[in-house]
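Visitor: Encoded as structure tokens, here's the structure I'll be asking about.
Residue numbers (the numbering used here): -10 to 720.
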């Protein structure tokens, strides 16, 4: 090697040894990277990975004048960066003397006297533990050959083991082998001199390494397959697409063979369905399985009925849509009644008005609805972690933040426990409020406080702000934790994240490019605009001169030689102000969002979670409310006419011909003015009973409606009861 003078070919220690016959040059890659007097001035394909041959020769000549403080030979190209330290050494000599070489940023080097060391508290035990990579014993001592995990209390490693793992895993897969932490672990290992190459993992580069895993089940197992091309035929994005069992993946069905829609994600085979039903985790209305139901005449039903939520066409017209009552339930087994199972007189149909027609919905709204349905399924999966043990939070609605913070930080708080909210010193909570209604109201107040707090900045789409006191008190972590708990426990979503903030959380800040609208500070935005819209070199230089101190403090100063330099400068300022400046709050916020596995699901399903975190929920419509409630039929009650009155009333409310709103109806029944992303538990239902006035049972989310002879009487009773009940609650 022209820099260290050694012939060793050990890529793990010194990097790849490369020989360039045309230039009569051999060099170790690490020797080149760590040399103090050379920079990558070329493109990646020029010279040696961007190091120009002429620059390498100059560095060799410079190093030839310097003596190594370790081996006493000439050619010491690496110097300690500590102030006033004049030690120089070869890279292999530095390794031998236990110097630290940081393979990041400016590729700094520290001699054996000034090298960074890991700090250990006096309380930590000294002894031996097992290296979690090689499984051999490792001494728990602050020495060069041993490194401690920054994220796990009792995780110790051999330095050599960590370096081999880093070279194999690469920057994308190198993480703590105990807790899987990536960001904090990599940052500490880079500081302590572990080289993490920017490459894919070695096991990902093996040709056809995962070929066997690419085989997926493609077969329709329905008793009578309807596809003329056979059970193995699969055509994506059509009714002949094969959907696999979401539990085992070893059974399948064509969408058409089980009357499924393309957006429906969940389907279980009979074996998994029976297991789930025995364990108590399966709901009969969840989704359809392999069709084995019986017709009323005793013959086998080959296909299940389509969902009652889907509007059907009348026989006489292709365009005259009919709306069924939102899931009418049979009195015997509480399963959805199909048209085939009931006489014609029990069908509840009415013309679908333009207000309730999906035809007029924009594609964007349809897309958001689809993604919100997907989020609901994901959150319900996460909710399986929540147990029946109760944690009570005493909340003061007038000081929502401090009381919530105190509750979340109490010793016995566990996000997997069922949360019960008790409001104190608050007169506006009704005596009839259930735990679910109080909990939703609490999370609603909490999300509103967060939106307007100093932790976030911006108008409607918000980014994280930089609040040093909040960083000191770890409030960003608590905010992320509160949002995660709200989503899983049935509360509302924040709905105010900017796209930039969301992308930083999901894809990592290093992969996000902020925009001018992300800057909330008026003065900073004005500075960026002055630079961005400069139309001449002189005006650009003048703008840079005017904000010199700001650019210097932000670390964004760069030489301006042409007008096109402004684009790179603007990007630097945006990246610093929107991302780099708040990198510490962002990391704390991300750690908080990891509660109950929410962040992991966000990263797996970014489009779905974007629909609830970056978009406000759409205004409640008659169609939404109609679809939300399930009507329970009774053998001794005429449900058909009552359901007809109910849907007519929803249309009157939507068209403004009523004194109440859709939100009032939802609040009357559930105690909530919006539908939470996870949905309601229990599912909202409607019962028609021989009572005088409507009753909203918030404990069961059940709306009990009176049986009336005329629609006007039904409407008057609804308006009188809902308006006066909510008025009393507000007072």
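Every residue, glycine too, gets a C-beta built ideally from N, C-alpha and C.
My output table needs one value for residue 478: the three-state DSSP class, helix, strand or coil.
Guide: coil
Visitor: Just the C-alpha distance for residue 462 and residue 470, rounded to the nearest angstrom, thanks.
Guide: 14 angstroms
Visitor: For residue 80, count the other beta carbons within 10 Å of its own beta carbon; 16 or more makes it buried, fewer makes it exposed. Which is it?
Guide: buried
Visitor: If we ignore side chains and look at the alpha-carbon of each, how far apart do residue 314 and residue 472 end up?
Guide: The pLDDT assigned to residue 314 is 42, lower than 50, so where the model puts this residue is not dependable; a value taken from the coordinates is nonetheless given after this. Rounded to whole angstroms, residue 314 to residue 472 spans 35 angstroms at the Cα level.
Visitor: For residue 642, tell me which candidate among 608, 94, 408 and 125 has the shortest Cα-Cα distance.
Guide: 608
Visitor: To the nearest angstrom, how far is it from the Cα of residue 645 to the Cα of residue 427?
Guide: If I take the Cα positions, the gap works out to 29 angstroms.
Visitor: Looking at residue 52: is its Cβ nearer than 8 angstroms to the Cβ of residue -8?
Guide: Yes, the pair counts as a contact, with Cβ atoms nearer than the cut-off.
Visitor: Given that a residue counts as buried once 16 or more other Cβ atoms are within 10 Å of its Cβ, and exposed if not, what is residue 377?
Guide: exposed
Visitor: Please work out which residues of its chain come closer than 6 angstroms, Cβ to Cβ, to residue 240, disregarding the five sequence neighbours upstream and downstream, and give them in chain order.
Guide: 210, 234 and 258
Visitor: Cutting at 7 angstroms between CB atoms, please list the residues of its own chain near residue 539, excluding the five before and the five after it.
Guide: For residue 539, where only same-chain residues beyond five positions count, the Cβ hits under 7 angstroms are 516.
Visitor: Please determine, among 435, 430 and 508, the residue with the shortest C-alpha to C-alpha distance to residue 452.
Guide: 508
Visitor: Taking the continuous alpha helix (DSSP H) assigned at residue 390, which residues delimit it?
Guide: 389 to 398
Visitor: I believe residue 621 touches residue 484 by the beta-carbon criterion, under 8 angstroms. Please report the beta-carbon distance rounded to the nearest angstrom.
Guide: Cβ-Cβ separation between residue 621 and residue 484: approximately 33 angstroms, too far for a contact (criterion under 8 angstroms).
Visitor: With a CB to CB cut of under 6 angstroms and the five nearest residues on each side skipped, what residues in its chain are close to residue 305?
Guide: Its pLDDT being 35, under 50, residue 305 is placed unreliably in this model, and the value from its coordinates should be taken loosely. Cβ within range, chain order: n/a, list empty.
Visitor: Give me whichever residues DSSP pairs with residue 145 in a beta bridge.
Guide: 137
Visitor: Using 10 angstroms around the beta-carbon of residue 555, count the other beta-carbons present and answer buried if the total reaches 16, otherwise exposed.
Guide: buried
Visitor: Quick one: Cα of residue 780 to Cα of residue 163, how far?
Guide: Within the shown structure, residues of the chain are numbered from -10 to 720, placing residue 780 beyond reach of any answer.
Visitor: Applying the 10 Å Cβ sphere with the 16-neighbour rule, what's the burial state of residue 487?
Guide: buried
Visitor: Going by C-alpha distance, which of 22, 153 and 47 is nearest residue 95?
Guide: 22
Visitor: According to DSSP, simplified to helix, strand and coil, what is residue 56?
Guide: strand
Visitor: With which residues is residue 492 paired in a DSSP beta bridge?
Guide: Looking at the DSSP assignment, residue 492 forms no beta bridge with any residue, so it has no partner.
Visitor: Please state the DSSP three-state secondary structure of residue 693.
Guide: DSSP, read as helix, strand or coil, puts residue 693 in strand.
Visitor: Using alpha carbons as the reference points, say which of 447, 138, 386 and 530 lies closest to residue 167.
Guide: 138
Visitor: Which one of 132, 490, 489 and 447 has the shortest CA to CA distance from residue 511?
Guide: 447
Visitor: Judging by CA-CA distance, which residue of 156, 227 and 532 is the nearest neighbour of residue 187?
Guide: 156
Visitor: Assuming residue 490 contacts residue 464 under a Cβ cut-off of 8 angstroms, what Cβ separation, rounded to an integer in Å, is found between them?
Guide: About 16 angstroms separates the two Cβ atoms, so there is no contact after all.
Visitor: Tell me which residues share the same chain as residue 670 and place their Cβ nearer than 7 angstroms to its Cβ, disregarding the 5 neighbours each side in the sequence.
Guide: These residues qualify, in order along the chain: 479.
Visitor: Between the C-alpha atoms of residue 355 and residue 361, what's the straight-line distance to the nearest angstrom?
Guide: 10 angstroms
Visitor: Are there three or more Cβ pairs, one per stretch, closer than 8 angstroms when the region 97 to 105 is compared with the region 56 to 71?
Guide: yes
Visitor: How long is the line joining the alpha carbons of residue 666 and residue 28, rounded to whole angstroms?
Guide: 52 angstroms
Visitor: With distances taken Cα to Cα, identify the nearest neighbour of residue 372 among -10, 692, 430 and 585.
Guide: 585
Visitor: From this set, 503, 701 and 476, which residue's C-alpha is nearest residue 369's C-alpha?
Guide: Nearest to residue 369 by alpha-carbon distance, out of 503, 701 and 476, is 476.
Visitor: For the beta strand (DSSP E) containing residue 682, list its first residue and its last residue.
Guide: Annotation for residue 682: no beta strand (DSSP E) segment contains it, and DSSP assigns it neither H nor E.
Visitor: Can you tell me which residues form a DSSP beta bridge with residue 381?
Guide: 409
Visitor: Going by beta carbon distance, what residues of the same chain come within less than 8 angstroms of residue 179, once the five residues before and after it are set aside?
Guide: 91, 92, 93 and 185
Visitor: Using DSSP bridges, identify the partner residues of residue 451.
Guide: 486
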